[in-house]
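Here is the structure we will look at.
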Amino acid sequence: MVEKRFHIQGMTCASCVRRVEEGLRALDGVEAASVNFASETASVKFDPSVVVEDTLRDKVVSLGYGVTGTEDGTDRDATNRAIEAARKRETKDLVRKVSVGAVLSLCIMMGTMQDWFPFLALIPRRVMLYVLAVMTFPVLFWVGSRFIVGALKALRQKTSDMNTLVTIGSLSAYIYSVCATLFPGFFMKTAAYPHVYFDGAAMIVTLVLLGRLLEAKAKGRTSQAIKNLFTLKPKTARVIIDGEERDIPIDAVHRGALVLVRPGAHIPTDGRVVKGRSTVDESMLTGESLPIEKKEGDAVFGGTVNQNGSFSFEATAVGAETALAQIIRLVEEAQGSKAPIQRLADKVASVFVPVVLTVSVITFAVWFVVVPGADFSRALLNFVSVLIIACPCAMGLATPTAVMVGTGLGAESGILIRGGETLEKAYKLDAVVFDKTGTLTKGEPVVTDVIPVPGIDSNTLLQLAHSIESASEHPLAAAISIRAREVELASLPVEEFTALSGLGARGIVNSMHVLAGSEKLLVQEGVSIAGLEKKAASLIGQGKTIAYVALDGKLAGVLAFTDVPKESARDAVSRLKERGLHVAMITGDHKETAAMVARAVGIDHVEAEVLPGEKADTIRSLQEGNRIVAMVGDGINDAPALAAADIGIAIGEGTDIAAEASDITLIRNDLNLVVAAITLSALTMRVIRQNLFWAFFYNSLGIPIAAGVLYPFCGILLNPMFAAAAMALSSVSVVSNSLRLRRLWRQSGERGIR
189 MVEKRFHIQG MTCASCVRRV EEGLRALDGV EAASVNFASE TASVKFDPSV
239 VVEDTLRDKV VSLGYGVTGT EDGTDRDATN RAIEAARKRE TKDLVRKVSV
289 GAVLSLCIMM GTMQDWFPFL ALIPRRVMLY VLAVMTFPVL FWVGSRFIVG
339 ALKALRQKTS DMNTLVTIGS LSAYIYSVCA TLFPGFFMKT AAYPHVYFDG
389 AAMIVTLVLL GRLLEAKAKG RTSQAIKNLF TLKPKTARVI IDGEERDIPI
439 DAVHRGALVL VRPGAHIPTD GRVVKGRSTV DESMLTGESL PIEKKEGDAV
489 FGGTVNQNGS FSFEATAVGA ETALAQIIRL VEEAQGSKAP IQRLADKVAS
539 VFVPVVLTVS VITFAVWFVV VPGADFSRAL LNFVSVLIIA CPCAMGLATP
589 TAVMVGTGLG AESGILIRGG ETLEKAYKLD AVVFDKTGTL TKGEPVVTDV
639 IPVPGIDSNT LLQLAHSIES ASEHPLAAAI SIRAREVELA SLPVEEFTAL
689 SGLGARGIVN SMHVLAGSEK LLVQEGVSIA GLEKKAASLI GQGKTIAYVA
739 LDGKLAGVLA FTDVPKESAR DAVSRLKERG LHVAMITGDH KETAAMVARA
789 VGIDHVEAEV LPGEKADTIR SLQEGNRIVA MVGDGINDAP ALAAADIGIA
839 IGEGTDIAAE ASDITLIRND LNLVVAAITL SALTMRVIRQ NLFWAFFYNS
889 LGIPIAAGVL YPFCGILLNP MFAAAAMALS SVSVVSNSLR LRRLWRQSGE
939 RGIR
């Protein structure tokens, strides 16, 4: 199976979404199809051996919609440029038609009320009606052509949508007015000419189109996060070829290329520093506000900004393989996905338009036949009002716009959310389980204690250990070297160095025979550990790892190591507890070590000495207690547990961001992002519920008023022009409320975690 994304042109409401989805799913070889109204994209998973891409495109076109490009890992940039160009053309066309429609509608309204304007009062009424009919024609059939074309396409598919409602409503008003103009005697009850609704027909089309224009511009702002990410991608790279510096297009950079980065320049692609050092601003990629120091051997990522120094690096990932490209892909997929709550709107949309058509016909019949004193004109107005005010645009926009804004905000803060379902579920969590090593802790041992025997200085002990371990690649050796450099102790020359696998190392330093390693090594070499047994046992009881140092066959001292918690661990755990969540830790480490880390970060429930394959069983046992469980791990060793959890949260850096087992990926090592992800989920769901409430409330309230149920009690009837304005504003209000999520996110304080 392969998955591709198409940009769909011409969708106008939730009914269009349903039609495209059902059409694509009906094709043999299509496993799944999901259409996002807000982003105007369709994600289709299909078997290329059964159905080809052209068939999918042809199907969409046959349904009455346009297709602009497809997206995969190779042509994503070109496709997005094509999509952006198509949206700009669409916006330009809308601006032109709305402008013409507004001018003509204003003139038509003045002509309709010519008694109000002295300079028009001299024109005979019959002549004015003919002029109004001619002026209204281009408004309906050019300015509003998209509605008529859309309605005809829907009719050919034996279905209906928003275009159907607008077309029937505006044409009904226009045709009635033309008939009243051509055959006034048929409609006259008195000597006066019958009232016409050319102004209503024109204003309906213009206002609905104005709403579409405002909606398009607002929807453009919901995808601002994606646009911001695309602007990070440099266009060229300075590459060293045959000893010469050359500027080449970014697409021409290949793996292994030697790239030079000057101060203030954007890093063009992912790589590893081979020469030089600098600090790099990675905030646009990871949300980390402080510049990160980069030196030889460190990873750098495309799109980040070099600060003061210059360096060269070897390209390790290019094109769609880069961290930035993967982030863009994940965010686009998330923004194109559906939250389960959207199913309610989809179900309503599937029957909404036919129901509205039925209600409008009943409204016409009641006002024309049943209501005393009513006439065809009044019945027609109420019929049109019901059609216009009921357009289901707001329902189609309620969920996807909020999901787009929410996932975009997450990406800007270093939280990659895989889809709408995850975004909807995260705030419901009542248990969060952390892995220990590399998740709650830094994953790197550090020296915590340096304890020499009497007669030996602690710095001397550390320097001897540093010297003998400087040639070793063991993690404990690296910890010793780091501690020695912190106190400015240089490594002494070592002769006859020997690494003893699983035990330690030996060598000669300043003519002295030095051993560094485990208790087993010292016993094997006949060195007694007497004098430090109790201290060593105490350190082991605290969950620490120890290493002994011997000098010329005698014990010199002991060094203790531990994997220390991350700076953010305790605060994150405390904040999760404040939200009422059950917090636990699972680890394969010893009970003593696990208990020490748990105490340090404030976790009460610990499962220690658990094998990787058994972690998933622990998650399931929590779920059996009706808990909604999140697992936080490194995305590799914890993959089974991440997959078993209701929400898997992977902490990844660089190329680890695409951990397939996770639902949420944190692209920097700040555990406060776990709390932030839950907060973002809660805020997004609040906005979605508000959107859906107002969308349903608007139609539930608007349709009865348009039908005239308040007229017997309050004398209130709804003019079709006001119905058109209200319908347009309802869509804009839903999108605007989704954009309000940015302000709510800032007010939550979670952005301060940067």
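According to my numbering, the sequence shown is numbered sequentially starting from 189.
Yeah, the Cβ is synthetic: ideal placement off N, Cα and C, and Gly gets one too.
Name the DSSP bridge partner or partners of residue i?
| i | result |
| --- | --- |
| residue 745 | 640 and 737 |
| residue 425 | 436 |
| residue 502 | 446 and 460 |
| residue 224 | 229 |
| residue 467 | 481 |
| residue 197 | 254 |
| residue 454 | 493 |
| residue 753 | 629 |
| residue 836 | 819 |
| residue 487 | 460 |
Hey, how far is the Cα of residue i from the Cα of residue j?
| i | j | result |
| --- | --- | --- |
| residue 576 | residue 354 | 6 Å |
| residue 888 | residue 609 | 27 Å |
| residue 700 | residue 850 | 52 Å |
| residue 395 | residue 913 | 6 Å |
| residue 286 | residue 397 | 6 Å |
| residue 882 | residue 908 | 21 Å |
| residue 625 | residue 641 | 32 Å |
| residue 777 | residue 864 | 28 Å |
| residue 260 | residue 464 | Residue placement at residue 260 is poorly supported in this model, since its pLDDT is 49, which falls under 50; the coordinates are not used for a value here. |
| residue 316 | residue 298 | 10 Å |
| residue 213 | residue 539 | 19 Å |
| residue 774 | residue 813 | 17 Å |
| residue 318 | residue 600 | 58 Å |
| residue 436 | residue 779 | 56 Å |
| residue 482 | residue 670 | 17 Å |
| residue 715 | residue 785 | 32 Å |
| residue 903 | residue 911 | 17 Å |
| residue 432 | residue 227 | 45 Å |
| residue 551 | residue 245 | 40 Å |
| residue 676 | residue 646 | 13 Å |
| residue 378 | residue 313 | Low per-residue confidence applies at residue 378: pLDDT is 41, beneath 50, and the placement is therefore not dependable, though the value from the model is reported in the following sentence. About 15 Å. |
| residue 252 | residue 307 | 46 Å |
| residue 565 | residue 383 | 8 Å |
| residue 678 | residue 684 | 19 Å |
| residue 585 | residue 430 | 55 Å |
| residue 922 | residue 547 | 25 Å |
| residue 461 | residue 590 | 40 Å |
| residue 925 | residue 885 | 15 Å |
| residue 348 | residue 203 | 8 Å |
Under 6 Å Cβ to Cβ from residue i, same chain only, skipping five residues before and after it: list those, please.
| i | result |
| --- | --- |
| residue 385 | 361 and 365 |
| residue 191 | 233 |
| residue 334 | none |
| residue 746 | 639, 720, 724, 734 and 736 |
| residue 810 | 619 and 817 |
In chain order, what residues of the same chain have a beta carbon less than 7 Å from the beta carbon of residue i, not counting five sequence neighbours either side?
| i | result |
| --- | --- |
| residue 352 | 339, 342 and 541 |
| residue 229 | 193, 194, 195, 196 and 524 |
| residue 615 | 866, 869, 870 and 873 |
| residue 323 | 292, 295 and 296 |
| residue 936 | 867 and 871 |
| residue 444 | 502 and 503 |
| residue 761 | 771, 789, 790 and 791 |
Please return the same chain residues whose Cβ sits closer than 8 Å to the Cβ of residue i, not counting the five positions on each side in sequence.
| i | result |
| --- | --- |
| residue 749 | 633, 634, 635, 636, 664, 667, 732, 733, 734 and 735 |
| residue 328 | 336, 358, 359, 362, 389, 390 and 393 |
| residue 930 | 593 and 597 |
| residue 688 | 694, 705 and 709 |
| residue 617 | 769, 816, 817, 818, 834, 835 and 866 |
Does any heavy atom of the ligand GTP sit closer than 7 Å to the C-beta of residue i?
| i | result |
| --- | --- |
| residue 224 | Here there are no bound small molecules, and the ligand GTP is not part of this structure. |
Using 8 Å as the Cβ pair cut-off and three pairs as the minimum, do the region 478-493 and the region 455-462 touch?
Under the 8 Å Cβ criterion, the region 478-493 counts as touching the region 455-462, having at least three qualifying pairs.
If we count Cβ pairs, one from each stretch, closer than 8 Å, do we get three or more for the region 643-651 versus the region 750-760?
no
Is the region 493-503 in contact with the region 444-455, if contact means three or more CB pairs nearer than 8 Å?
yes
Ordered list of beta strand (DSSP E) runs contained in the region 585-654, each at least 3 residues
603-605, 619-623 and 629-640
Can you give, in chain order, each stretch of the beta strand (DSSP E) that sits fully within the region 303-387 and has at least 3 residues?
If we require 3 residues or more, the region 303-387 turns out to have no beta strand (DSSP E) run fully inside it.
Residue ranges of each alpha helix (DSSP H) run of no fewer than 4 residues wholly in the region 658-716, ordered along the chain?
663-674 and 707-712
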